[in-house]
Amino acid sequence: MLALAVLTACAASETTAGKATPSAPPPAASVQVLPADKAGNVPTDQTVLVAAQGGTLRSVTVTGKAGTLAGELSADGTQWRSKRYALPGASYTVSALVANPVGQTTRTTTTFSTVKADSSFGIERIVPHKDDTGLTVGVGMPIMITFDKDITDRVSVERNLIVKTSKPVEGAWHWFDDRHVDFRPKKYWPAHTKVRLEARLAGVRGGKGMYGKRDHVLDFKIGREQITSGSTRNHVLKVKRDGKVVRHMPMSAGKGGVWKYYTTSGIHLAMSREPVTIMVSPGIGPGQAGYYRLTVYNTVRISNSGEYVHSAPWSVGSQGHANVSHGCVNVSPANAAWFIKNTLIGDPIVITGSPRKLEPTNGWGHWQEDWKQWLQWSSVKSAITESI
1 MLALAVLTAC
11 AASETTAGKA
21 TPSAPPPAAS
31 VQVLPADKAG
41 NVPTDQTVLV
51 AAQGGTLRSV
61 TVTGKAGTLA
71 GELSADGTQW
81 RSKRYALPGA
91 SYTVSALVAN
101 PVGQTTRTTT
111 TFSTVKADSS
121 FGIERIVPHK
131 DDTGLTVGVG
141 MPIMITFDKD
151 ITDRVSVERN
161 LIVKTSKPVE
171 GAWHWFDDRH
181 VDFRPKKYWP
191 AHTKVRLEAR
201 LAGVRGGKGM
211 YGKRDHVLDF
221 KIGREQITSG
231 STRNHVLKVK
241 RDGKVVRHMP
251 MSAGKGGVWK
261 YYTTSGIHLA
271 MSREPVTIMV
281 SPGIGPGQAG
291 YYRLTVYNTV
301 RISNSGEYVH
311 SAPWSVGSQG
321 HANVSHGCVN
331 VSPANAAWFI
341 KNTLIGDPIV
351 ITGSPRKLEP
361 TNGWGHWQED
371 WKQWLQWSSV
381 KSAITESI
């Protein structure tokens, strides 16, 4: 009887109501924030994470006297992550507005502070540079960065050196020492590619207690593809532009005999264009046998060991036939004038036939290393560039 009475009572309740009992309103949404509220000595590279519970995020800001941290909201609106590093020794306030399914909003505010820096580092020099190389460069041009302090946390720094291009390019950074890191593609840059370097170094750890001072951005462009090649055996430079030969130039290379008088074989890059260069015999002083001091015109530097392609009116008779120079590539005055006018900094100049090889650290001998060798000195290895 008791069971029946209960059942009858239930049935009578539903019939009397004539409709479902109204459901309770949903609870207010909440958020979780990392780092935790009032956390201190937070690493600058720790991601700020804001996660909604029982709702979606309407807005998130992370601000402080040092600036604002940009972030990204997930597609479903439930998570927000910071995209940049915080600065050392800074305090930040996280403010998050979350809404539950019926639009009721709740604001949560937390704070945290980051670890203090003992020292800072910055970029001393970036190449290409508008004053030294111009911002339209040849297809062999590396990006070269010199820091003002030794970098011991290479991985952290290299991860924040972002190369973006208008055409996809596979490339990698290469550390020559603790202050120098350079980027080059696996193959020459595609002609007419736009390139942007974003060195996102503000707050990045470069070593124990040492953090980056600020960000740097560099925009430059790759020009037409021009590759010059020549052999010390056939004594001719051939200039090919966008796949088409545009000039043949008879040349005379290093006479050899003494090692320093051989022109180096290898993939050189045009490093500078100099209307006038004073050339002095290396390691030989005035009055000694073999001493010379010459004023030379229309020179294109191709190494740090004193090699140029330059005007040499005194050797025109040998150009195309014999090697008579002290190591430079001699061409006629007319060809030298044309070459300096038509060369971009970073254009490859490939010399073959000499027993003396160009060292990868002799000037911009970056292409002397094959891709496997280049990657041995990369902390993050190769990647396809991001799109501009």
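By the UniProt record's numbering, the letter at position 111 of the sequence shown is numbered 111, and the numbering carries on one by one without gaps.
From the three backbone atoms N, C-alpha and C, an ideal C-beta is built for every residue, glycine too.
Might you give, ordered along the chain, the residues of its own chain that have their beta carbon closer than 6 angstroms to the beta carbon of residue i, omitting 5 neighbours on each side?
| i | result |
| --- | --- |
| residue 249 | 237, 331, 335 |
| residue 291 | 281, 284 |
| residue 374 | 174 |
| residue 195 | 165, 220 |
| residue 277 | 296, 299 |
| residue 213 | 120, 122 |
| residue 168 | 384 |
| residue 190 | 167 |
| residue 353 | 231, 232, 233 |
| residue 40 | 113 |
| residue 186 | 170, 371 |
| residue 320 | 235, 250 |
Under a Cβ-count criterion, where at least 16 other Cβ atoms within 10 Å of its own Cβ denotes burial, should residue i be classed as buried or exposed?
| i | result |
| --- | --- |
| residue 371 | exposed |
| residue 53 | exposed |
| residue 388 | exposed |
| residue 57 | buried |
| residue 307 | buried |
| residue 13 | Because residue 13 sits at a pLDDT of 31, beneath the cut-off of 50, its placement in the model cannot be relied upon, and the following sentence gives the value as read from the coordinates. Label assigned to residue 13: exposed. |
| residue 8 | Any reading at residue 8 needs caution, since the residue's pLDDT is 32, under 50, leaving its predicted position unreliable; the model's value is listed next. Exposed, since its Cβ has fewer than 16 Cβ neighbours within 10 Å. |
| residue 301 | buried |
| residue 257 | exposed |
| residue 209 | exposed |
| residue 100 | buried |
| residue 473 | Since the displayed the chain opens at 1 and closes at 388, residue 473 lies outside it and no answer follows. |
Just list the residues that DSSP pairs residue i with in beta bridges.
| i | result |
| --- | --- |
| residue 198 | 162, 217 |
| residue 39 | 112 |
| residue 224 | In the DSSP output, where bridge partners are listed per residue, residue 224 has none listed. |
| residue 238 | 229, 248 |
| residue 170 | 384 |
| residue 207 | 210 |
| residue 32 | 51 |
| residue 351 | 230, 266 |
So, at 8 angstroms on beta carbons, what are the nonlocal neighbours of residue i in its own chain, with the 5 sequence-adjacent residues on each side left out?
| i | result |
| --- | --- |
| residue 380 | 155, 158, 159, 172, 173 |
| residue 383 | 170, 171, 172 |
| residue 180 | 144, 145, 146, 147 |
| residue 350 | 227, 228, 229, 230, 266, 267, 268 |
| residue 206 | 121, 147, 149, 151, 152, 153, 156, 157, 212 |
Roughly how far, in whole angstroms, is the beta-carbon of residue i from the beta-carbon of residue j, given that I think they are within contact range, below 8 angstroms?
| i | j | result |
| --- | --- | --- |
| residue 264 | residue 329 | So it is not a contact: roughly 10 angstroms between Cβ atoms. |
| residue 94 | residue 42 | Residue 94 to residue 42, Cβ: 12 angstroms. No contact. |
| residue 318 | residue 362 | Between residue 362 and residue 318 the Cβ distance is about 25 angstroms, and since that is not below 8 angstroms, they are no contact. |
| residue 69 | residue 51 | So it is not a contact: roughly 16 angstroms between Cβ atoms. |
| residue 111 | residue 29 | The Cβ separation is near 21 angstroms, so there is no contact. |
| residue 98 | residue 71 | Not confirmed; about 15 angstroms, so no contact. |
Short of 7 angstroms in beta carbon distance, which residues of its chain neighbour residue i, apart from the five on each side in sequence? Order them along the chain.
| i | result |
| --- | --- |
| residue 260 | 282, 327 |
| residue 366 | 142, 182, 184, 360 |
| residue 116 | 88, 89 |
| residue 386 | 162, 164 |
Could you tell me whether any non-hydrogen atom of the ligand NAD is closer than 8 angstroms to the CB of residue i?
| i | result |
| --- | --- |
| residue 358 | Within the structure as shown, the ligand NAD is missing, as the structure has no ligands at all. |
Could you check whether residue j and residue i sit closer than 9 angstroms to each other, using their CB atoms as the reference points?
| i | j | result |
| --- | --- | --- |
| residue 232 | residue 347 | no |
| residue 311 | residue 325 | no |
| residue 132 | residue 303 | no |
| residue 136 | residue 222 | yes |
| residue 340 | residue 134 | no |
| residue 82 | residue 31 | no |
| residue 162 | residue 202 | no |
| residue 253 | residue 138 | no |
| residue 241 | residue 225 | yes |
| residue 176 | residue 338 | no |
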